[in-house]
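full-length UniProt numbering puts the first residue of the sequence shown at 1, with every later residue one more than the last. From the three backbone atoms N, C-alpha and C, an ideal C-beta is built for every residue, glycine too. Since we're looking at a predicted model, the values are computed, not measured. Since the structure comes first, as structure tokens, the remarks are kept for the end.
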Amino acid sequence: MKAKLGMSPIAWWNDDLAELSDDVSLEECLRQSRSAGFTGMEMGRRFPNDPAIMLPILKAADVTLCGGWFSGTLVDEEMSKNKDRIQPMIELFKAVDAPCIVYGEVGRSIQGDRSKPLATKPKLTGDEMKAYARRLTEFGEWCAEQGMPLSYHHHMAAVVETEPELDAFMRHSGEGIPLLLDAGHLAFAGGDVLRAIDNHHARISHVHVKDVRMGVIDKLDRTKQSFLDAVALGAFTVPGDGSLDFGAIVQRFADHGYEGWFVVEAEQDPKKNPPLRMAQVGHKELMRVMTAAGYTVETQGFPNA
């Protein structure tokens, strides 16, 4: 089985918490992650939106674009507006041969609002979840028809956060909307990562190997502290530096035959946790557990052709 290892630039620059950002260029971010062994990088705010500019930067760094976040609003906003907003991203991602666009729901979400405690996260009724899941399926099918598949990201402080919410979303949606399984977000939400892989492996198309510090999470006052407060306190980190057993998690993916990207997305204070060092820790741990699980990790970055 083959796997690819990527990173998110959120370890270097945080779009929601400016104070958790290193003053490094895109080129330096790519250089550091590649030197640690990663062959892919998800898109961040310092990436150019013109493929003619992006491709030479990726080629020089020997890195491919392995995904990127789209802030979807289908829980509230009409389909046409989301189509209009995502169309340029679809064209860009096709031009640089990215594997997927990560759909993150921001409608009603409190994930970017530091004034909103975790306990006030939005919740959908059963009927709302059914309708939402159907809309996402239709949207995912449309994006795939345009030549760029989506991968749905369940997320803390959003409408699909908990394991029961994820189960309901998956039950009422269809194959047209694949799943991004994020170990850290599911663990933060109190879910069972291995059970979620067992239940939904057939639709998992992308994986975020985010680790958590449960000591930080367990001390949170969810009636007063927000998602961004948790991030600032160090709730997330890279595999090998947190509380999750990635040996078991990666083995479970292997058991179900998953092949594709495993992306380290670990937002934390770069001054306390230097991104290059964290990248090295995460890559070393992932190589250890992936080798044990029988994966061959691809080492080629930017394609030669």
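Quiz prompt | Own chain residues within Cβ distance below 8 Å of Lys83, not counting five before or after | solution = Residue numbering aside, residue 83 sits at position 83 when the sequence shown is read from its first letter. Contacts found: Phe139, Trp142.
Self-check item: C-alpha gap between Val75 and Gly6, whole angstroms
Solution: Start at 1 with the first residue of the sequence shown, and residue 75 comes out as number 75. Start at 1 with the first residue of the sequence shown, and residue 6 comes out as number 6. The straight-line gap from Cα to Cα measures roughly 29 Å.
Exercise. Using alpha carbons as the reference points, say which of Trp69, Gln268, Gly37 lies closest to Gly301.
Key: Residue numbering aside, residue 301 sits at position 301 when the sequence shown is read from its first letter. Considering only alpha carbons, the answer is Gly37.
Quiz item: Under the rule that 16 or more other beta-carbon atoms within 10 Å means buried, what is Pro9, buried or exposed?
Solution: As a first step, residue 9 must be located in the sequence shown, where it is residue number 9. By the neighbour-count rule (16 or more Cβ atoms within 10 Å), Pro9 is buried.
Quiz item: Does the beta-carbon of Asn273 have 16 or more other beta-carbons within 10 angstroms, so that it is buried, or is it exposed?
Solution: The count along the sequence shown starts at 1 and reaches residue 273 at position 273. So Asn273 ends up on the buried side.
Exercise. Would you tell me roughly how many angstroms separate the C-alpha atoms of Gln87 and Leu55, rounded to the nearest one?
Key: The sequence position of residue 87 within the sequence shown is 87, counting from 1. The sequence position of residue 55 within the sequence shown is 55, counting from 1. Roughly 19 Å between the two C-alpha positions.
Quiz prompt | N- and C-terminal bounds of the beta strand (DSSP E) containing Lys2 | solution = As a position in the sequence shown, residue 2 is number 2, starting the count at 1. Counting along the chain, the beta strand (DSSP E) containing Lys2 begins and ends at 2-7.
Quiz prompt | Backbone CA spacing between Thr223 and Gly176 [nearest angstrom] | solution = In the sequence shown, residue 223 corresponds to position 223, counting from 1. In the sequence shown, residue 176 corresponds to position 176, counting from 1. In a straight line, the C-alpha of Thr223 is about 36 Å away from that of Gly176.
Quiz item: How is Val216 classed by DSSP in three states: helix, strand or coil?
Solution: Sequence index remark: in the sequence shown, residue 216 carries index 216 (1-based). Looking at Val216 - three-state DSSP - the assignment turns out to be helix.
Exercise. Assign Asp198 to one of three DSSP states: helix, strand, or coil.
Key: Taking the first residue of the sequence shown as position 1, residue 198 is located at position 198. Helix at Asp198.
Quiz prompt | Where Phe262 sits in the DSSP three-state scheme | solution = The sequence position of residue 262 within the sequence shown is 262, counting from 1. Strand, per DSSP.
Quiz prompt | Which residues DSSP lists as bridging Met43, in chain order | solution = Counted from its first residue, the sequence shown places residue 43 at position 43. For Met43, which the question treats as bridged, DSSP gives no partner whatsoever.
Self-check item: Counted within 10 angstroms of its Cβ, other Cβ atoms place Asp182 as buried (16 or more) or exposed
Solution: As a first step, residue 182 must be located in the sequence shown, where it is residue number 182. The residue in question, Asp182, is buried, as its Cβ has 16 or more Cβ neighbours within 10 Å.
Quiz item: Where does Ser80 fall in DSSP's three states?
Solution: Here residue 80 refers to the residue found at position 80 of the sequence shown. Correct three-state label for Ser80: helix.
Quiz item: Which stretch, first to last residue, makes up the beta strand (DSSP E) that contains Glu175?
Solution: Translated into positions along the sequence shown, residue 175 becomes position 175. Looking at the DSSP string, Glu175 is not in any beta strand (DSSP E), and its letter there is neither H nor E.
Quiz item: Nearest to Arg31 by CA position, among Gln251, Glu298, Leu276, Val297, is which residue?
Solution: For this step, residue 31 is matched to residue 31 along the sequence shown. It is Leu276 whose Cα lies nearest to the Cα of Arg31.
Practice problem: For Pro303, I'd like the list of residues in its chain whose CB is within less than 8 Å of its CB, leaving aside the five on either flank, ordered along the chain. | Solution: By 1-based counting over the sequence shown, the position of residue 303 is 303. Only Thr64, Asp97 meet the Cβ criterion.
Quiz prompt | 3-residue-minimum beta strand (DSSP E) runs that sit fully inside the segment 71-124, ordered along the chain | solution = 101-105
Quiz item: DSSP on Leu17, reduced to helix/strand/coil?
Solution: Within the sequence shown, numbered from 1, the residue matching residue 17 stands at position 17. Coil, per DSSP.
Self-check item: Under 7 Å between C-beta atoms of Trp69 and Val106
Solution: Start at 1 with the first residue of the sequence shown, and residue 69 comes out as number 69. Start at 1 with the first residue of the sequence shown, and residue 106 comes out as number 106. No, these two residues do not count as a Cβ contact at 7 Å.
Quiz prompt | Distance CB(Val209)-CB(Val297) smaller than 7 Å | solution = Residue numbering aside, residue 209 sits at position 209 when the sequence shown is read from its first letter. Residue numbering aside, residue 297 sits at position 297 when the sequence shown is read from its first letter. Result no, Cβ atoms of Val209 and Val297 do not sit closer than 7 Å.
Self-check item: Beta-carbon contacts of Arg45 that lie in its chain and below 7 Å, excluding the five residues immediately before and after
Solution: Indexing the sequence shown from 1 puts residue 45 at position 45. Trp13, Asp15, listed in sequence order.
Self-check item: Spatial distance of Lys116 from Lys271 (CA atoms)
Solution: Your numbering for residue 116 matches position 116 in the sequence shown. Your numbering for residue 271 matches position 271 in the sequence shown. Spanning the two alpha carbons is a distance of roughly 26 Å.
Exercise. Could you tell me which of Tyr132, Met278, His154 sits nearest to Met79, measuring between CA atoms?
Key: Here residue 79 refers to the residue found at position 79 when the sequence shown is read from its first residue. Residue Tyr132 is the option with its Cα nearest to Met79.
Self-check item: For Tyr295, the three-state DSSP class (helix, strand or coil)
Solution: Position 295 of the sequence shown, counted from the start, is the residue given in the question as residue 295. Tyr295: coil per DSSP, three-state reduction.
Self-check item: Among Gly282, Ser25, Asp255, the one whose alpha carbon lies nearest that of Phe262
Solution: Position 262 of the sequence shown, counting from 1, holds the residue named residue 262. Cα-wise, what sits closest to Phe262 is Gly282.
Self-check item: Distance, Phe169 Cα to Val193 Cα
Solution: As a working mapping, residue 193 is identified with position 193 in the sequence shown. As a working mapping, residue 169 is identified with position 169 in the sequence shown. When rounded, the distance between both Cα atoms is 16 Å.
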